[in-house]
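Since the structure comes first, as structure tokens, the remarks are kept for the end.
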Amino acid sequence: MVGDSDTIAAIATGPGAGGVGIIRLSGPRAFSVAHRLTGVQAKDRQAHFVSILDQQNEVLDQGLLIQFPGPQSFTGEDVAELHCHGGPVILRTVLRECLSCGARQAAPGEFSQRAFLNNKIDLVQAEAIADLISSSTEAAARSASRSLSGAFSTQVDALLEQLIRLRVFIEAAIDFPEEEIDFIADSDVLERLETLQDSIDRLLAGARRGRTLRDGLKLVIAGAPNAGKSSLLNQLAEQDTAIVTDIPGTTRDLLREHIQIGGLPLHIVDTAGLRHSGDAIEQEGIRRARAEMQTADHILLVIDNNNDQRDLSSTEIVAVYEGDLPKTVPLTLIRNKCDLSKTPASLNSGAFTEVHLSALNGEGIDLLRQHLLAAAGLSHQETSDFSARERHVLALEDCAQHLAQGLTQLKEHGAAELIAEDLRYAQDSLGSITGSFSSDDLLGEIFGSFCIGK
Ligand code: GDP
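For what it's worth, this note's numbering labels the leading residue of the sequence shown as 2, then goes sequentially.
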């Protein structure tokens with residue numbers, strides 16, 4: 002166990018009234034506090050029906066007491082749970098009794114933090130607990146659950162081990178030149194580095210999918226007034242969020258809607274029509290539209306496909322809006338009002354993917370949904386999907402970058418010291434994901450696997 006921790010207590014169940022509410026205690030005095038409140042010496046991991054008493058021995062509630070002795074508990078410490086009736090007042094009263102018996106109110110996330118410090122879970126798993134609780138779609142919940150079970154951490158740890166072995170090998174060659182290990186010529190360092198790089202790239206792709214499942218995508222709908230942007234928002238949201246009229250310039254401010262399609266959370270922003278306008282309010286709306294597009298993950302550029310633009314290619318249409326559109330954000334062209342032109346809904350790929358659809362009657366909306374899922378890399382949900390966060394993606398990108406640098410060093414200069422340094426940075430990045438390795442671990446690895454201390 003880490004440190005001489007005090008005993009913490011908190012209401013573990015959500016706010017509001019419910020059938021059952023749980024007070025959780027963790028720390029060296031967890032059992033004695035529970036005993037003071039119930040008068041029961043509970044057996045390990047058995048549910049006891051108890052009366053919960055205040056200091057005057059008056060019954061506050063009746064419920065269950067379960068004790069989990071450390072280290073086989075969630076936090077690794079002694080944990081006691083009092084299952085009371087789930088009213089906010091009774092829970093607060095029982096919690097206050099716990100605090101007056103010597104426990105202290107737990108800080109947010111402190112139970113999970115203790116579990117991490119006591120090596121019961123790693124950082125990814127601690128984060129997965131929070132993600133599981135706050136997940137907005139079933140797919141996000143399932144992937145968070147897989148991360149909690151170790152689906153992501155196991156892969157990180159396996160790659161970390163390979164990376165450390167490689168680094169150990171190279172550092173041994175530097176530290177013990179008398180061994181005459183010509184590690185470049187006589188070994189498969191290059192091959193091992195390339196294999197590692199491939200594995201990191203695969204894990205990075207998985208982490209990006211996991212991040213998308215957790216955070217979703219920001220989708221901005223843009224285009225000329227009256228093209229059908231608000232109608233498209235309403236179709237995607239399957240409700241009338243935006244006002245639809247044939248008066249150009251109706252949507253002057255941004256409209257936001259949060260929906261999900263096939264497990265992908267979408268944060269949709271409907272913007273003011275892009276056109277030159279003397280109206281100050283409309284101009285401000287257009288300025289905001291441009292700003293939103295800068296931070297979008299994907300843009301839907303909507304046109305009315307029954308006017309002059311019908312004969313332009315997607316590249317030519319995008320060029321018309323060149324001054325408004327950011328260059329780096331993926332864009333899909335929506336050729337709207339296919340019901341008027343009596344053309345069937347379709348999806349065509351090209352310089353930009355084009356979807357012919359009708360935002361009025363919904364024809365082709367499913368094609369757009371499928372396309373958005375595919376663009377997010379989620380067209381078919383994998384049972385191996387795990388949840389990930391921006392932090393993990395950045396760390397993996399950092400790791401990949403240092404590995405690539407190491408490879409360049411190796412191919413161009415064969416400079417062992419420089420490769421070792423790149424691998425150390427790569428290891429730090431990878432290790433920061435689970436928070437599991439420190440430099441002491443590396444030393445242990447060196448002496449353990451090479452038996453160098455001869
Ligand atoms: P916005 O200004 O781009 O947001 O456009 P709206 O969604 O407000 O639509 C402008 C007008 O076009 C309204 O009268 C809509 O009913 C009409 N409209 C939008 N989409 C379609 C479509 O697919 N087919 C037809 N026939 N009319 C549409």
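Glycine included, every Cβ here is placed at the ideal spot set by N, Cα and C. Computed from a predicted model, the values in this text were never measured in an experiment.
Checklist entry - What are the residues that DSSP puts in a beta bridge with residue 19? => result Working through the sequence shown from its first residue, we reach residue 19 at position 18. 87.
Checklist entry - Can you tell which of 366, 345, 301 and 32 has its C-alpha closest to the C-alpha of residue 325? => result Within the sequence shown, numbered from 1, the residue matching residue 325 stands at position 324. For residue 325, the nearest C-alpha among the options comes from 301.
Next on the checklist: Taking 8 Å as the threshold (C-beta atoms), are residue 421 and residue 172 in contact?
Outcome noted: By one-based count along the sequence shown, residue 172 stands at place 171. By one-based count along the sequence shown, residue 421 stands at place 420. Cβ distance < 8 Å, so residue 172 and residue 421 count as in contact.
Item to check | Check whether residue 55 and residue 82 have beta carbons under 8 Å apart | outcome: Along the sequence shown, one-based indexing puts residue 55 at 54. Along the sequence shown, one-based indexing puts residue 82 at 81. Here residue 55 is not near residue 82, since their CB atoms are 8 Å or more apart.
Next on the checklist: Can you check which of these residues, 375, 293 and 419, is closest to residue 404 by C-alpha distance?
Outcome noted: The residue labelled residue 404 in the question sits at position 403 within the sequence shown. Of the candidates 375, 293 and 419, the one whose C-alpha sits nearest the C-alpha of residue 404 is 419.
Next on the checklist: Assuming residue 153 is part of the alpha helix (DSSP H), what are its boundary residues?
Outcome noted: Position 152 of the sequence shown, counted from the first residue, corresponds to residue 153. Element bounds for residue 153: 152 to 176.
Item to check | 8 Å CB neighbourhood of residue 105 in its chain, flanking five on each side removed | outcome: Residue mapping note: residue 105 aligns to position 104 of the sequence shown, counting from 1. Closer than 8 Å at Cβ, skipping near neighbours: 7, 8, 9 and 10.
Checklist entry - On the three-state DSSP scale, how would you describe residue 298? => result Numbered from its first residue, the sequence shown carries residue 298 at position 297. Under the three-state reduction of DSSP output, residue 298 falls in the coil class, being neither helix nor strand.
Checklist entry - With distances taken between CB atoms, is the gap from residue 220 to residue 297 smaller than 8 Å? => result Within the sequence shown, residue 220 is the residue found at index 219, counting from 1. Within the sequence shown, residue 297 is the residue found at index 296, counting from 1. The beta carbons of residue 220 and residue 297 sit closer together than 8 Å.
Next on the checklist: Applying the 10 Å Cβ sphere with the 16-neighbour rule, what's the burial state of residue 24?
Outcome noted: Mapped onto the sequence shown, residue 24 falls at position 23. Buried, because 16 or more other Cβ atoms sit within 10 Å of the Cβ of residue 24.
Next on the checklist: Whole angstroms are fine: how far does the CA of residue 146 sit from the CA of residue 308?
Outcome noted: As a first step, residue 308 is located in the sequence shown; it is residue number 307 there, counting from the start. As a first step, residue 146 is located in the sequence shown; it is residue number 145 there, counting from the start. Spanning the two alpha carbons is a distance of roughly 50 Å.
Checklist entry - Tell me the DSSP bridge mates of residue 370? => result Sequence index remark: in the sequence shown, residue 370 carries index 369 (1-based). DSSP lists no partner for residue 370.
Item to check | Start-to-end residues for the beta strand (DSSP E) that takes in residue 335 | outcome: Counting from 1 along the sequence shown, the entry for residue 335 is found at position 334. From DSSP, the beta strand (DSSP E) with residue 335 extends over 332 to 337.
Checklist entry - Where residue 193 and residue 161 are concerned, what is the direct C-alpha to C-alpha distance, given to the nearest angstrom? => result Taking the first residue of the sequence shown as 1, we reach residue 193 at position 192. Taking the first residue of the sequence shown as 1, we reach residue 161 at position 160. Rounded to whole angstroms, the separation of the alpha carbons of residue 161 and residue 193 is 13 Å.
Checklist entry - Can we say the segment 26 to 36 touches the segment 74 to 92, given the rule of at least three CB pairs closer than 8 Å? => result Proximity of the segment 26 to 36 to the segment 74 to 92 meets the contact definition, three or more beta-carbon pairs being nearer than 8 Å.
Checklist entry - Short check: CB of residue 92 to CB of residue 22, under 8 Å? => result In the sequence shown, counting from the first residue as 1, residue 92 sits at position 91. In the sequence shown, counting from the first residue as 1, residue 22 sits at position 21. Taking 8 Å as the cut-off, the beta carbon of residue 92 is found closer than this to the beta carbon of residue 22.
Item to check | residue 274 versus residue 322: straight-line alpha-carbon distance, rounded | outcome: Taking the first residue of the sequence shown as 1, we reach residue 274 at position 273. Taking the first residue of the sequence shown as 1, we reach residue 322 at position 321. A straight-line Cα-Cα distance of about 11 Å links residue 274 and residue 322.
Checklist entry - Is the beta carbon of residue 460 sitting closer than 8 Å to the one on residue 229? => result This structure cannot settle anything about residue 460, because the visible part of the chain is limited to 2 through 455.
Item to check | Alpha carbon of residue 216 to alpha carbon of residue 390, nearest angstrom | outcome: Counting from 1 along the sequence shown, the entry for residue 216 is found at position 215. Counting from 1 along the sequence shown, the entry for residue 390 is found at position 389. If I take the Cα positions, the gap works out to 8 Å.
Checklist entry - Under a three-way DSSP split, which group does residue 456 fall into? => result Here the chain has residues from 2 to 455 only, and residue 456 is not among them.
Checklist entry - residue 428 to residue 407, Cα distance in whole Å? => result Position 427 of the sequence shown, counted from the first residue, corresponds to residue 428. Position 406 of the sequence shown, counted from the first residue, corresponds to residue 407. Computed Cα separation, rounded: 12 Å.
Checklist entry - Under the criterion of a Cβ to heavy atom distance below 7 Å, does residue 216 qualify as lining ligand 1? => result Counting from 1 along the sequence shown, the entry for residue 216 is found at position 215. No, the Cβ of residue 216 stays beyond 7 Å of every heavy atom of ligand 1.
Item to check | Alpha-carbon spacing of residue 341 relative to residue 362, whole angstroms | outcome: Locating residue 341 in the sequence shown gives position 340, where the first residue counts as 1. Locating residue 362 in the sequence shown gives position 361, where the first residue counts as 1. Roughly 11 Å between the two C-alpha positions.
Next on the checklist: I'd like to check one pair, residue 360 with residue 232: are the Cβ atoms closer than 8 Å?
Outcome noted: To locate residue 232, count along the sequence shown from 1; it is residue 231. To locate residue 360, count along the sequence shown from 1; it is residue 359. Between residue 232 and residue 360, the CB-CB gap stays under 8 Å.
Checklist entry - With DSSP run on the structure shown, which of helix, strand or coil describes residue 349? => result Here residue 349 refers to the residue found at position 348 of the sequence shown. In this structure, residue 349 counts as strand in the three-state DSSP scheme.
Item to check | Spatial distance of residue 144 from residue 60 (CA atoms) | outcome: Taking the sequence shown and counting its residues from 1, one reaches residue 144 at position 143. Taking the sequence shown and counting its residues from 1, one reaches residue 60 at position 59. Taking the straight line joining both Cα atoms gives about 43 Å.
Checklist entry - Which residues bound the alpha helix (DSSP H) around residue 230? => result What you label residue 230 is simply residue 229 of the sequence shown in a count that begins at 1. Counting along the chain, the alpha helix (DSSP H) containing residue 230 begins and ends at 230 to 238.
Next on the checklist: Beta-carbon within less than 8 Å of residue 198's beta-carbon, same chain only, minus the 5 sequence neighbours each way: which residues are those?
Outcome noted: On the sequence shown, position 197 is the one that residue 198 refers to. Closer than 8 Å at the Cβ level, and outside the excluded window around residue 198, lie 401, 404, 405 and 408.
Checklist entry - Within this structure, are the beta carbons of residue 218 and residue 234 separated by less than 8 Å? => result What you label residue 218 is simply residue 217 of the sequence shown in a count that begins at 1. What you label residue 234 is simply residue 233 of the sequence shown in a count that begins at 1. Residue 234 is positioned such that its CB atom lies no closer than 8 Å to that of residue 218.
Checklist entry - From 69, 415 and 262, pick the residue whose C-alpha is nearest to that of residue 367; which is it? => result The residue given as residue 367 occupies position 366 in the sequence shown. Of 69, 415 and 262, the smallest CA-CA separation from residue 367 is found for 262.
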